[in-house]
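Beneath this line is the structure, given in structure tokens, with notes to follow.
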Amino acid sequence: MRIEQNYSLAEHNTFHLPVKTRWFMEYATEEELGRILRDEYFQECFSLHIGGGSNLLFINDFNGIVLHSCIKGITCVRETDSEVFLRVGAAEVWDEVVDYAVERGWGGIENLSLIPGETGAAAVQNIGAYGVEIKDVIESVEAYNQLTFEKRVFSREECAYGYRDSFFKDEQHDPYIVTYVTLRLAKQPAYVLTYGQLRARLGDEPVTLSRVRKAVIAIRKEKLPDPAVLGNAGSFFKNPVISTAQYEELKRRYPEMPAYVLSEQEVKVPAGWLIEACGFKGKQHGPVGVYEKQALVLVNLGDATGHEIALVAESIRAAVDDRFGIELMPEVKYVS
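Set out below in structure tokens:
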């Protein structure tokens, strides 16, 4: 177990904001986590559990305890003729898990290559890309209740997954900390190539897990800035879901507006297109920028504060709402 006071979180958030936390605690086992949760001082403090910090916007220093898991390990716990079940520690870097699976010929998560963050946070957030979400391969999630200290194993159905949402993000439920995630992967992959950009990148050569992974990585590198070079949290906003009737009305005014049909009643509109249509793409607002290759990404140009990033995000939300009548919701979690 590791305990630090007045600890810098600059390396624990991909915006690289120079914020501090009053206390920082890392645990390496479920037993250590249990001891922390039962500690009276911990129970009296505000606490925040983080993964790789790739989905956080710190507005101020955190006056409480930041918890971070060091639980690692990838274990094959069950295998059939067609599937393999991997139990993955919450602190495993997600892209390394994808690489591990692809190297062994196990399919299902190759489209999720190069998404930053750790596995536990990926399961909480229900990460997704190129037609695949992590919920598609989750078998179960192991987590500890922060109030009762009890361990619970959630089935995929009990995780209540939605678009970038899950049971674990619902503040109406007791807070839980994820310790392990079990993935169900296929020995005979069924490739998801519905996105034209991915299909085009693969060309006419035979499709393999390795080629899909390399194609996804290449596309992401072309579209998104490397957080190690330019501070960012990837997609800042969720792609909004609107009614088909509202979309048809907007389509008459903006014939070029793209959308992905979800059902007869709903469509998903690319938030990046809405932001770009409002003129924000590539623009600089003091130390905060809107990425020149993808308007959905806000970047720290060097010395931005969380408050400054939040102000730019709010101006974008207001402009999109004013022009299109669509409310953008942050995918990034604000921490104040």
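Numbering-wise (this note's numbering), the sequence shown opens with residue 628 and increments by one. All residues carry an ideal CB built from backbone N, CA and C; glycine is no exception.
With a threshold of 8 Å (Cβ to nearest heavy atom), would residue i be considered close to the ligand NAP?
i    : result
C703 : For the structure depicted, the ligand NAP is absent and the ligand set is empty, with no information on it obtainable.
Check the C-beta distance from residue i over to residue j and give it rounded, since I have them as a contact under 8 Å.
i    : j    : result
G933 : I686 : 4 Å
L675 : V959 : The pair is not a contact, with the Cβ atoms about 14 Å apart (cut-off 8 Å).
I943 : L955 : 7 Å
A940 : L925 : 6 Å
G735 : V764 : 4 Å
T746 : E784 : No, T746 and E784 are not in contact; Cβ-Cβ is about 20 Å, not under 8 Å.
T806 : A770 : 6 Å
A860 : S681 : 6 Å
A813 : E710 : 6 Å
F712 : R791 : At roughly 25 Å, the Cβ-Cβ gap does not stay under 8 Å, so F712 and R791 are not in contact.
V759 : S793 : Actually they do not touch by this definition, with Cβ atoms about 16 Å apart.
I677 : L683 : 7 Å
G744 : G679 : 4 Å
P914 : G899 : That pair is no contact at about 22 Å.
So, is residue i buried or exposed, given that buried needs 16 or more other C-beta atoms within 10 angstroms?
i    : result
D797 : exposed
L694 : buried
I742 : buried
R840 : buried
I804 : buried
S740 : buried
V888 : exposed
H643 : buried
T702 : exposed
S696 : buried
T656 : exposed
V725 : buried
F781 : buried
A717 : buried
I902 : buried
A931 : buried
A827 : exposed
To the nearest angstrom, report how far apart residue i and residue j are at their CA atoms.
i     : j    : result
S767  : L829 : 32 Å
E723  : A922 : 27 Å
N1020 : R649 : One cannot answer for residue 1020 here, as it falls past the ends of the chain, which runs 628 to 963.
F669  : P802 : 14 Å
F605  : K908 : Outside the displayed span of the chain (628 to 963) sits residue 605, for which this structure offers no information.
Y918  : K910 : 8 Å
Y788  : K699 : 24 Å
F863  : N753 : 15 Å
A637  : V646 : 6 Å
C786  : A748 : 13 Å
P816  : E832 : 16 Å
R731  : P897 : 34 Å
L825  : Y818 : 11 Å
G952  : H912 : 24 Å
E964  : N866 : In this structure the chain extends from 628 to 963, so residue 964 is not present and cannot be described.
K848  : P885 : 23 Å
V868  : Y757 : 17 Å
N772  : H800 : 10 Å
E737  : T821 : 14 Å
E891  : P882 : 19 Å
T871  : V704 : 44 Å
L877  : L851 : 28 Å
Could you check whether the Cβ of residue i sits closer than 9 Å to any Cβ belonging to chain D?
i    : result
L955 : This model lacks chain D altogether; it includes just one protein chain.
Under DSSP, the beta strand (DSSP E) around residue i begins and ends at which residues?
i    : result
S696 : F689 to S696
I701 : I701 to E706
E638 : That residue, E638, is in no beta strand (DSSP E); it is neither H nor E in DSSP.
V768 : I765 to N772
E653 : K647 to Y654
G861 : G858 to S862
R838 : Premise fails: R838 lies in the alpha helix (DSSP H), L836 to K850, not in any beta strand (DSSP E).
E667 : No beta strand (DSSP E) contains E667, which is instead part of the alpha helix (DSSP H) from E667 to E671.
E891 : Taken as a continuous stretch (DSSP letters only), E891 belongs to no beta strand (DSSP E), as it is neither H nor E.
A827 : Counting along the chain, A827 falls outside any beta strand (DSSP E), though it belongs to the alpha helix (DSSP H) covering G823 to L829.
Considering just the uninterrupted stretch of the alpha helix (DSSP H) at residue i, what are its terminal residues?
i    : result
V725 : W721 to E730
S963 : Looking at the DSSP string, S963 is not in any alpha helix (DSSP H), and its letter there is neither H nor E.
W900 : A898 to A904
V939 : G933 to F951
E710 : Looking at the DSSP string, E710 is not in any alpha helix (DSSP H); the run it does join, the beta strand (DSSP E), is E710 to G716.
Does the pairing of the stretch 772-779 with the stretch 645-665 give three or more beta-carbon distances under 8 Å? yes
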